[in-house]
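Structure, as structure tokens:
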Amino acid sequence: CSSDLKFEQVRMGKSSKDKRDVYYRRAKEEGWRARSAYKLLQINDDFNIFEGVKRVVDLCAAPGSWSQVLAKKLRGDDGSKSDAKIVAVDLQAMAPIPGVIQLQGDITKKSTAQDIIGHFEGQHADLVVCDGAPDVTGLHDIDEYIQAQLLLAALNITTHVLKTGGTFVAKIFRGKDVTLLYAQLKIFFHMVTVFKPRSSRNSSIEAFVVCQNYSPPEGYVPNMSNPLLDLHYENLEGPNRVIVPFLAYGDLSGFDSDMTYSLELEPGETYVYHEPTQSPINPPYQEACHLRKTDQLLKPTSQPDIEDTSGCTVREPEAAIGDEASIVAAYINEDNDLKNVGSDLAKKLNDLSMN
């Protein structure tokens with residue numbers, strides 16, 4: 055009985071996310087590596103970005119769900135339906151996908167752009183997509199800024215590899231500077247639309263820019279610096295500022311990414327748990343997750359505390375941080391008063407902060 059109870063607890067724990075996130079569940083059932091596959095599918099439903107595409111680049115591709123969509127739509131289930139070429143680029147290694155050429159490289163390097171063109175035999179891409187994003191901090195202003203810099207890096211390499219008239223799709227974080235991004239993109243594309251797929255949570259500031267008809271300024275020479283920032287934009291007013299076109303996907307009949315659904319989505323349907331299709335290969339967060347699960351993250355050791363004449367106790371930073379890059383020191387006395395820290399202690403803390 056105890057083993058049955060344990061099994062049931064494990065099953066309920068695994069299935070809880072399937073109830074909370076219907077797109078996560080459907081992605082596993084349909085063989086997609088991540089729920090983000092539905093975002094690209096819904097972008098294509100509205101903008102038909104795959105029509106006539108023979109050469110496409112997937113930037114920041116890992117773990118590969120967008121490359122899967124591209125391969126299925128352009129080359130068929132087995133990757134051999136057509137002569138379309140798909141190049142997936144990422145710093146991280148990615149499990150192979152039939153019909154997709156993988157390139158492990160840095161999108162800020164000109165050599166990466168040259169390698170992409172080499173795979174296209176000297177021709178330029180019809181479509182460039184980028185679903186890359188930094189690890190979010192939860193501070194929207196910071197997250198928006200970092201995402202904007204990643205978008206500009208993706209745009210810079212796109213100017214090297216995209217043909218005139220081509221399409222560029224990328225993730226953004228909508229915030230107060232979204233009109234600045236829009237103005238920068240309008241320099242290179244006739245039509246720029248901000249799109250919110252239904253599979254993107256309403257609670258998220260995530261959206262996607264769909265940039266159509268690539269038309270660089272006359273005389274523009276692509277480079278890997280950052281020539282796109284307009285430092286005078288905040289001083290503009292009146293007709294010089296713009297309202298960004300915004301489009302939300304579909305109607306109210308589809309699945310809501312913020313809703314919790316029953317495990318049996320349809321009457322008579324039997325729920326079966328599915329493992330993720332393909333886990334990331336050596337992701338940067340893997341070690342941190344292991345330390346957290348084994349209760350080793352920021353775990354104190356048995357090193358002695360330091361006694362000070364002020365009545366305060368300081369725990370050795372090395373005892374608390376292990377191999378972490380930051381130092382967290384706690385000051386404790388009976389009155390919780392930090393104003394009476396002794397001079398010897400203050401000196402030691404100052405020395406620590408300088409190291």
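To get my numbering, take the position in the sequence shown, counting from 1, and add 54.
Idealized CB from N, CA, C, for every residue including glycine.
task: Spell out a yes or no on whether the stretch 144-161 and the stretch 118-135 are touching, meaning 3 or more CB-CB pairs, one atom from each, closer than 8 Å.
output: With a cut-off of 8 Å, the stretch 118-135 and the stretch 144-161 count as touching, because enough Cβ pairs lie within range.
>> Once the 5 residues before and after PRO270 are set aside, which same chain residues still bring their CB inside 7 Å of it?
In response: Its chain contains THR213, PHE242 as the residues whose beta carbon lies nearer than 7 Å to that of PRO270, once the 5 sequence neighbours on both sides are disregarded; these appear in chain order.
Between LEU216 and VAL182, is the Cβ-Cβ spacing less than 8 Å? With contacts defined by Cβ atoms closer than 8 Å, LEU216 and VAL182 form a contacting pair.
N- and C-terminal bounds of the beta strand (DSSP E) containing TYR268 = TYR268 -> beta strand (DSSP E) spans 260-268.
Reference LYS93; option with closest CA among GLU105, GLN122, VAL110, LYS108: Comparing Cα-Cα distances from LYS93 to each of GLU105, GLN122, VAL110, LYS108, the minimum goes to GLN122.
- Message: Taking 8 Å as the threshold (C-beta atoms), are VAL111 and VAL143 in contact?
- Response: In terms of Cβ geometry, VAL143 and VAL111 form a close pair [threshold 8 Å].
**Item:** Distance between GLU84 and SER253 (C-alpha atoms, nearest Å)
**Value:** Going by the C-alpha atoms only, they are around 15 Å apart.
Three-state class that DSSP yields for GLY172 in the structure shown: Look at GLY172 here: in three-state DSSP terms it is helix.
Check: Which residues in the same chain as VAL107 place their Cβ atom closer than 7 Å to its Cβ, once the five residues preceding and following it in sequence are excluded?
Finding: So the qualifying residues of the chain are LEU128, ALA138, ASP180, LEU181.
(Q) Can you give me the C-alpha to C-alpha distance between CYS343 and VAL275, rounded to a whole angstrom? (A) For CYS343 and VAL275, the gap between their C-alpha atoms comes out near 44 Å.
Which partner residues does LEU216 have in the DSSP bridge list? Partner(s): ALA179.
**Request:** Could you work out which residue in PRO337, THR218, GLY159 is closest to GLU272 when comparing CA atoms only?
**Result:** Closest in alpha carbon position to GLU272, among PRO337, THR218, GLY159, is THR218.
task = Name the two residues that bound the continuous alpha helix (DSSP H) containing THR314.
result = Per DSSP, THR314 belongs to no alpha helix (DSSP H) and is neither H nor E.
How long is the line joining the alpha carbons of ASN102 and GLY192, rounded to whole angstroms?
So the alpha carbons of these two residues sit roughly 33 Å apart.
message: On a Cα-Cα basis, can you pick out the residue from ALA149, GLU105, ALA81, ILE259 that is closest to ASN434?
response: What is shown of the chain runs 55 to 409, which leaves residue 434 out entirely.
Per DSSP, ILE140 forms a beta bridge with which residues? Under DSSP, ILE140 shares a beta bridge with VAL110, VAL154.
Answer with buried or exposed for TYR327, where buried requires no fewer than 16 other C-beta atoms within 10 angstroms of its C-beta.
-> Exposed: under 16 other Cβ atoms inside 10 Å.
* **Local Cβ density within 10 Å of GLU198, reported as buried at 16 or more and exposed below that** => So GLU198 counts as buried.
### Message
Suppose you measure from the CA of ASP349 to the CA of TYR78; what does that come to, to the nearest Å?
### Response
Roughly 27 Å separates the two Cα atoms.
Q | VAL248 beta carbon less than 8 Å from that of ILE97 | A | No, Cβ-Cβ distance for ILE97 and VAL248 is not below 8 Å.
Just to confirm my understanding: we take LYS240, look at its own chain, exclude 5 residues before and 5 after, and list those with CB closer than 6 Å. What are they? VAL246.
**Message:** Residues in the same chain with beta-carbon distance under 6 Å from ILE221, minus the five sequence neighbours each way, listed in chain order, please.
**Reply:** First, the amino acid is wrong: residue 221 is Thr here, not Ile. By the criterion of a C-beta distance shorter than 6 Å, THR221 is surrounded in its chain by ILE103, LEU181, GLN266, once the five residues flanking it on both sides are discounted.
(message) Run through the DSSP bridge pairs and tell me what CYS184 is partnered with.
(response) Note: CYS184 sits in a beta bridge opposite LEU113, ALA224.
>> Assuming contact is defined by CB atoms lying nearer than 8 Å, are ILE161 and LEU113 in contact in what I supplied?
In response: ILE161 places its beta carbon less than 8 Å from that of LEU113.
Worksheet item: Would you report the Cα separation of GLN146 and GLY159, rounded to the nearest angstrom?
Response: Here the C-alpha atom of GLN146 lies approximately 8 Å from the C-alpha atom of GLY159.
Margin query: By the three-class DSSP mapping on this structure, what secondary structure does LYS250 have?
Written below: DSSP places LYS250 in strand when its eight states are reduced to three.
*asked:* Can you tell me whether HIS244 is helix, strand or coil according to DSSP?
replied: In the three-state reduction of the DSSP assignment, HIS244 falls in the strand class, which pools E and B.
Report the option in VAL141, GLY322, LEU209, LYS135 whose CA atom is closest to the CA atom of TYR268.
With distances taken between Cα atoms, TYR268 lies closest to LEU209.
Assuming ILE97 is part of the alpha helix (DSSP H), what are its boundary residues?
ILE97 -> alpha helix (DSSP H) spans 91-101.
Practice item. Give me the Cβ distance between LYS82 and GLU329, rounded to the nearest whole Å; I'm assuming they're in contact under 8 Å. Key: At roughly 7 Å, the Cβ-Cβ gap stays under 8 Å, so LYS82 and GLU329 are in contact.
Problem - Own chain partners of ASP169 with C-beta closer than 7 Å, once the 5 adjacent residues on each side are dropped - result: Contacts found: LEU157, GLY159.
Output yes or no for whether 8 Å exceeds the beta carbon distance between ASP189 and SER90. Their beta carbons are not under 8 Å apart, which means ASP189 does not touch SER90 by this criterion.
| Mind checking PRO117: buried by the 16 CB within 10 Å criterion, or exposed? | Per the 10 Å Cβ criterion, buried.
Taking the straight line between their C-alpha atoms, what separation do you get for ALA167 and ILE211? The C-alpha of ILE211 is placed about 6 Å away from the C-alpha of ALA167.
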